Amino acid sequence: MTARFDNRVVLVAGGTGGLGREVTSAFLEGGATAVTTYRNQPEWEKFKTGASAYAGPLEGHEVDVTDEAAVRQLVEKIFSKHGRLDAMVNTVGGYRGGLKLWEMETRVFEQMLTLNLRSGYALTRAMVPAMLNQGHGAIVNVASKAALDHAAGASAYAASKAAAVAMIDSLAADLKGTGVRVNSILPSIMDTEANRKAMPNADFSKWPKPVDIARVILFLCSDDARVIHGASIPVYGDS
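Pasting the structure below:
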């Protein structure tokens, strides 16, 4: 990893998930203080134990990032302890597919909006004012190829990811010239343990690896990407 984040403080929402672990690890490897959110205590404990080998310090908070009040409290804690927040990456999301729109329960639609749209809304709503006050910051929201490629059986998922991209795109326009940058990345199916179990007959070799996607995210959060703002970057691999 070439990007360096010494003396930087970063937040990775969903930092113990398949992609979140790689993003958090990459930041730690780059020397950052990494703050992660999690919902699964055993996952956090396992990750925390393995992260001791990295240069940067790690801290975790059990937070529902779709809860605006909880996210605001987290931001206050970060600034109270560290006095800054240089980057935020939202890897929180979920997938439900294989359902025709008219056969899908409304709760599934609402769940996709909550995980894939409201999480980014709550996080950016809390982070942006603090970053504006300090005059700099980088935000990366993980969307999906499905935001552009609307497959059958994925109406709720595609709608939530498309809305997330539109939200970040509009936010970028609001933030032009402020020193705070926001971008989206659009992965296709990632090579995670959960996806392999869900699709055991797929060709895993064509799926982008979380570690490779993490490199793109770190670049977007680095000073090397200071001219990239309001982009939606595809990270499809060969799929």
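Taken in order, the sequence shown gives residues -10 to 228; the numbers are from the working numbering.
Note that the Cβ used here is the ideal one computed from N, Cα and C, for glycine as well.
These numbers were taken from a predicted model, which means no experiment stands behind them.
Determine contact between the segment 141 to 156 and the segment 188 to 205, defined as no fewer than three beta-carbon pairs at a distance below 8 Å.
no
Residues in its own chain within less than 6 Å of residue -10 by CB, not counting five upstream and five downstream?
Note that residue -10 scores 43 on pLDDT, short of 50, meaning its location in the model is unreliable; the coordinates nonetheless yield the value given after this. The residues are 15, 18, 19.
Out of 179, 128, -2, which one is the CA nearest neighbour of residue 71?
-2
List the endpoints of the continuous beta strand (DSSP E) containing residue 128.
126 to 131
Our contact map puts residue 123 next to residue 61 with C-beta atoms below 8 Å; I'd like the distance itself, whole angstroms only.
Not confirmed; about 16 Å, so no contact.
Which one or two residues does DSSP pair with residue 1 in a beta bridge?
25, 78
Which residues mark the beginning and the end of the alpha helix (DSSP H) in which residue 229 is found?
This structure cannot speak to residue 229, because the chain is shown only from -10 to 228.
Count the other C-beta atoms from every protein chain shown that fall within 10 angstroms of the C-beta of residue 163, then say buried if there are 16 or more, exposed otherwise.
exposed
Check whether the segment 74 to 93 touches the segment 133 to 143, counting contact only when three or more Cβ pairs, one atom from each stretch, lie closer than 8 Å.
yes
Identify, in the order they occur along the chain, each residue of the same chain with its Cβ nearer than 8 Å to the Cβ of residue 158, setting aside the five sequence neighbours on each side.
173, 219, 221
Might you give, ordered along the chain, the residues of its own chain that have their beta carbon closer than 7 Å to the beta carbon of residue 167, omitting 5 neighbours on each side?
121
Which residues in the same chain as residue 13 place their Cβ atom closer than 6 Å to its Cβ, once the five residues preceding and following it in sequence are excluded?
1, 4, 23, 25
Just verifying my parser: in three-state terms, what is the DSSP assignment at residue 122?
helix
Just how far apart, CA to CA, sit residue 125 and residue 170?
8 Å
With residue 51 as the anchor, note down where its beta strand (DSSP E) starts and where it stops.
47 to 51
DSSP puts residue 170 in a beta bridge; with which residues?
DSSP, once it has assigned bridges, lists 127 as partnering residue 170.
If you follow the alpha helix (DSSP H) that residue 222 is in, where does it begin and where does it stop?
Unbroken run through residue 222 is the beta strand (DSSP E), 221 to 224; no alpha helix (DSSP H).
Taking only runs of the alpha helix (DSSP H) that begin and end inside the segment 153 to 206, which ones reach a length of at least 4 residues, in chain order?
Uninterrupted alpha helix (DSSP H) stretches at least 4 residues long and entirely within the segment 153 to 206 occur at 182 to 187, given in chain order.
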